Amino acid sequence: MATTILLVDDHPLFRKGLRLLLEEQEDFRIVGEAGDGREAIDRVRTLSPDVVIMDISMPDFNGIDATRQIVSEVPSAKVVALSIHEGSQFVEEMLQAGAVGYILKDSVPQDLVNGLRSVIQGEVYLSPAITGIVVSEYKELLAKSPSTAQIKDASPILRTKFHRPKLSPDLVPRSDLVARLDELRRRPLTLVSSAAGYGKSTMASLWLEAWDGPYAWLSLDEDENNLRKFINYLLAAIRNAFPEACESTRSLLQGPELPPVSILSRHIVNDLDEIETPFILVLDDFHKIREKTVHDLMGAILAHPPQNLHLMLLTRRDPPLLTSLLRGRAQVNEIRSADLYFTVAETAVFLKNTIGLSVDEKTAVTIQEKLEGWPAGMRLMSQSLKNSGDLDRLMAGLKGGFVTIVDYLVTEVL
339 MATTILLVDD
349 HPLFRKGLRL
359 LLEEQEDFRI
369 VGEAGDGREA
379 IDRVRTLSPD
389 VVIMDISMPD
399 FNGIDATRQI
409 VSEVPSAKVV
419 ALSIHEGSQF
429 VEEMLQAGAV
439 GYILKDSVPQ
449 DLVNGLRSVI
459 QGEVYLSPAI
469 TGIVVSEYKE
479 LLAKSPSTAQ
489 IKDASPILRT
499 KFHRPKLSPD
509 LVPRSDLVAR
519 LDELRRRPLT
529 LVSSAAGYGK
539 STMASLWLEA
549 WDGPYAWLSL
559 DEDENNLRKF
569 INYLLAAIRN
579 AFPEACESTR
589 SLLQGPELPP
599 VSILSRHIVN
609 DLDEIETPFI
619 LVLDDFHKIR
629 EKTVHDLMGA
639 ILAHPPQNLH
649 LMLLTRRDPP
659 LLTSLLRGRA
669 QVNEIRSADL
679 YFTVAETAVF
689 LKNTIGLSVD
699 EKTAVTIQEK
709 LEGWPAGMRL
719 MSQSLKNSGD
729 LDRLMAGLKG
739 GFVTIVDYLV
749 TEVL
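Numbers in the working numbering are just positions in the sequence shown, counted from 1, shifted up by 338.
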């Protein structure tokens, strides 16, 4: 379905040219025009456009006041400023009024088209020249801030969060999974999504053990549901592998207020793109992150991924990122519970490695089927056998459904 657009500008000839430009795009449909802010408000009420392209300097009722009222009355309408003004005051007032984009009239036509498509996808879009102005003035503000040192030292980094799990001596080699990860490493994202107990972290650590390049690991928890803290930890993890990386982004984190996610994400992408060595970044327990701004940030990074970054997310549920878009572009490697099951052969190897027990194929098949290949269930079973040493009795107890069997094993172990 085409995106519906309302054009607001006090110059009819400019509106005509704008209409001709946008109607060349199959996914855009112009539903109306307005010559000033008051007319724009009336048109939004009657037409309910998806996007309003808003001039700022107009007679009678300016674009800033019109934007504020439109966003208040029709929150679903996305307002994009299209103006000759590049001063930070105009930009700031439009964004505070509720605009989600600011594009200069002297930008190339494709900049406008790209900007509209970005805001339709939920992003904030600023013309490149505007981004530079905003960041420059933000850095000046930081330099004058007396609280910079206090903020910098307020929350020390817990560096143990950068350690990947140590591999157990009785580990079952997952050579097929490691080979798959190697084969698809050039894709920007690997999403490992499954319930607890499937060995996501162990599998990732096993891959990194075999990887001969640099990597960064970050174990997340509830505390990182804060954009500033999340970015601080993200950069610290990366700098654990590349000590000089991400200086530009770090400079944006020192003040009392953060810039918009659109600016932060561009700096992070640019900083990471300067890293010339292919590297892997693992974010473990990503399901603990519920903060929308963090999801928006990661989505923006994946929309324009740095060329040498491979991001691996370990999670118990799919995050609200651009997975569908990346899947359509063949840019994501997805590993699910079914991929993490122990096979019959791996079940036999696991029992041999953990408790020195050799089982025949029939027994291995029964165990694998009863526990549905669940690695944590295998661990419970091996612990139970360590305690009792009676395989026949334990096998006799593996009756009923999966939940019943797991309850039985937990009782045996405890």
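Every residue, glycine too, gets a C-beta built ideally from N, C-alpha and C. If you're wondering where the values come from, they're calculated on a predicted model, not measured in any experiment.
Pairing Val697 with Leu709 gives a Cβ-Cβ distance that is not under 9 Å. The bridge partners DSSP lists for Ala372 are Val346. Gln721 is the residue among Val703, Ala702 and Gln721 whose C-alpha sits nearest the C-alpha of Thr692. Beta-bridge pairing by DSSP links Asp622 to Ser557.
For His648, the beta-bridge partners assigned by DSSP are Ile618. For Tyr571, the secondary structure class from DSSP, reduced to helix, strand or coil, is helix. Bounds of the alpha helix (DSSP H) holding Gly401 are Gly401 to Glu411. Apart from sequence neighbours up to five positions away, the residues of its chain that approach Leu610 with a beta-carbon distance below 6 Å are Pro644 and Leu647, ordered along the chain. Three or more beta-carbon pairs separated by less than 8 Å link the segment 344 to 351 to the segment 377 to 397, which places the two stretches in contact. Between His625 and Thr653 the beta-carbon gap is near 4 Å, inside 8 Å, which marks them as a contact.
Here Val382 is not near Leu454, since their CB atoms are 9 Å or more apart. When only Cα atoms are considered, Leu729 and Tyr679 end up about 22 Å apart. Counting only residues of its own chain and dropping the five nearest sequence neighbours on each side, Ile627 has a CB closer than 8 Å to the CB of Leu558, Glu562, Asn563, Phe568, His633 and Pro657. With the rule of 3 Cβ pairs closer than 8 Å, the segment 666 to 673 does not count as touching the segment 598 to 609. The alpha-carbon of Glu362 is positioned some 14 Å away from that of Arg353. If you look at Lys416, you'll find it in the beta strand (DSSP E) that goes Lys416 to Ser421.
DSSP, reduced to helix, strand and coil, places Gly593 outside both helices and strands of the structure shown, so it counts as coil. When DSSP states are grouped into helix, strand and coil, Leu442 belongs to the strand group.
Between Leu522 and Asn671, the alpha-carbon positions lie close to 7 Å from each other.
Nearest to Leu619 by alpha-carbon distance, out of Pro597, Leu556, Ala583 and Val510, is Leu556. By the beta-carbon neighbour count (other beta carbons within 10 angstroms, threshold 16), Ser386 is exposed.
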